[in-house]
Amino acid sequence: REQFDIRLEADEIVIVRVQDDTVRCVAEKGRPALDQGTACSAPLPPHAPTGFRLDTLDGRGDVRLLEPPSAANGFTATLRIEDSKKGSDRYHVRLSWVAGAVTPGGEGGGPATAERAAELPGIALPVSMEGGSQAAGGAEGFFDFQARVDGTVELWLRGGRANLQVISGDFVKQPKCAFSQTLPARPASFDLKRWEGRGDIRLLEAPSAANGWTARIRIADPGSGDDLYRFTLSWEVTR
2 REQFDIRLEA
12 DEIVIVRVQD
22 DTVRCVAEKG
32 RPALDQGTAC
42 SAPLPPHAPT
52 GFRLDTLDGR
62 GDVRLLEPPS
72 AANGFTATLR
82 IEDSKKGSDR
92 YHVRLSWVAG
102 AVTPGGEGGG
112 PATAERAAEL
122 PGIALPVSME
132 GGSQAAGGAE
142 GFFDFQARVD
152 GTVELWLRGG
162 RANLQVISGD
172 FVKQPKCAFS
182 QTLPARPASF
192 DLKRWEGRGD
202 IRLLEAPSAA
212 NGWTARIRIA
222 DPGSGDDLYR
232 FTLSWEVTR
């Protein structure tokens, strides 16, 4: 089994989110949590892990798994630590799952998806293909995205894949991605339209031969808490 050992000093109430090999803590009450040597044998996989479990190995308070990793939450595990006694205490929480296995019918495409998307930054997002899994070759197409964003994130698109990288802030919530067909691997004109979101959505790089036909999009949310963002990236192949 693979293991992700979270070791920290917590005071009162702390929300812990784990995605890929990154841990983020938010103190809902009390002092900020302090890391005490968190380590993992492997990052949390970009698919629904088989045999996922949480074990509390140290700590006097209550530790609960609020959300296991799933496609709906960007394959993020969310924990809640409540330390009701005076002062802080050290906690050791272990997340574990079956190595290399995928939940039957699991979301996200399994290890093959992770393998195919390994050359893109961030983690693979679940993607639907509105024109069918092999849709490609049309002169016009689009990519739709929506999620709740808190901070700054970047989306990397190539072919029929979408990876998300957190630059700052919290993980995205409820991501939804849909291609009408795969991103073209030839010259095309691109247009990005924002439908929802209080912050900035920008196409930093359009696909080209120089970047391996990869689109790079940045969402920057300036406010407190998260906000719903929705945009469409459309294209027309140059004739």
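Counting with our numbering, you get residues 2 to 240 for the letters of the sequence shown.
Ideal placement from N, C-alpha and C gives every residue a C-beta, glycine not left out.
Whole-Å CB distance - residue i paired with residue j, under 8 Å assumed
i      : j      : result
Ile14  : Lys30  : 4 Å
Val94  : Val64  : 6 Å
Glu237 : Glu141 : 5 Å
Asp90  : Arg61  : 5 Å
Leu126 : Phe144 : Contact doesn't hold; Cβ gap of about 11 Å is too wide.
Glu197 : Arg231 : 4 Å
Ala207 : Ala216 : 6 Å
Asp59  : Cys41  : 17 Å between Cβ atoms; not a contact.
Three-state secondary structure assigned by DSSP to residue i
i      : result
Glu108 : Residue confidence is low: Glu108 scores 44 on pLDDT, short of 50, so the model does not pin down where it sits. No coordinate-derived value is stated.
Ala136 : Low confidence applies to Ala136: its pLDDT is 49, below 50, so where it sits in the model is not reliable enough to give any reading.
Ala78  : strand
Glu10  : strand
Ala163 : strand
Ala100 : coil
Ala34  : coil
Ala251 : No answer is possible for residue 251: it lies beyond the span of the chain, which begins at 2 and ends at 240.
Ala1   : What is shown of the chain runs 2 to 240, which leaves residue 1 out entirely.
Ala221 : strand
Ala40  : strand
Arg117 : No answer about Arg117 holds up, because its pLDDT of 41 lies below 50 and its placement is not dependable.
Ser235 : strand
Minimum C-alpha distance to residue i - residue among the options
i      : options                        : result
Arg240 : Asp56, Ala189, His48, Ala72    : Ala189
Ala100 : Asp192, Gly52, Ser71, Leu58    : Gly52
Asp56  : Arg149, Leu66, Gly160, Phe146  : Leu66
Ile82  : Arg32, Met130, Leu121          : Arg32
Ser97  : Val19, Leu204, Ala179          : Val19
Leu184 : Asp21, Thr77, Cys41, Glu131    : Glu131
Phe76  : Asp151, Asp192, Phe180, Pro176 : Pro176
Ala72  : Leu45, Gly88, Asp59, Lys86     : Leu45
Ala1   : Lys87, Phe5, Arg203            : No statement about residue 1 is possible, as the shown extent of the chain runs from 2 to 240 and does not include it.
Thr153 : Asp192, Gly224, Tyr92          : Gly224
Gln182 : Ile202, Gly160, Gln166         : Gly160
Beta-carbon proximity check, residue i vs residue j, cutoff 8 Å
i      : j      : result
Asp227 : Lys194 : no
Asn74  : Gly123 : no
Ala34  : Leu9   : yes
Asp222 : Arg25  : no
Ile168 : Thr79  : no
Ile220 : Gly200 : yes
Leu121 : Arg187 : no
Leu294 : Gln147 : Because residue 294 is not part of the residues shown, which for the chain are 2 to 240, the question remains open.
Ala11  : Tyr92  : yes
Leu204 : Phe191 : yes
Neighbour flag for residue i against chain D, beta carbons, 8 Å
i     : result
Glu68 : The chain labelled as chain D is not found in the depicted structure, where only one protein chain is given.
Could I get the ranges of all uninterrupted beta strand (DSSP E) runs contained in the segment 161-197, with 3 residues as the minimum, in chain order?
162-170, 174-180, 189-197
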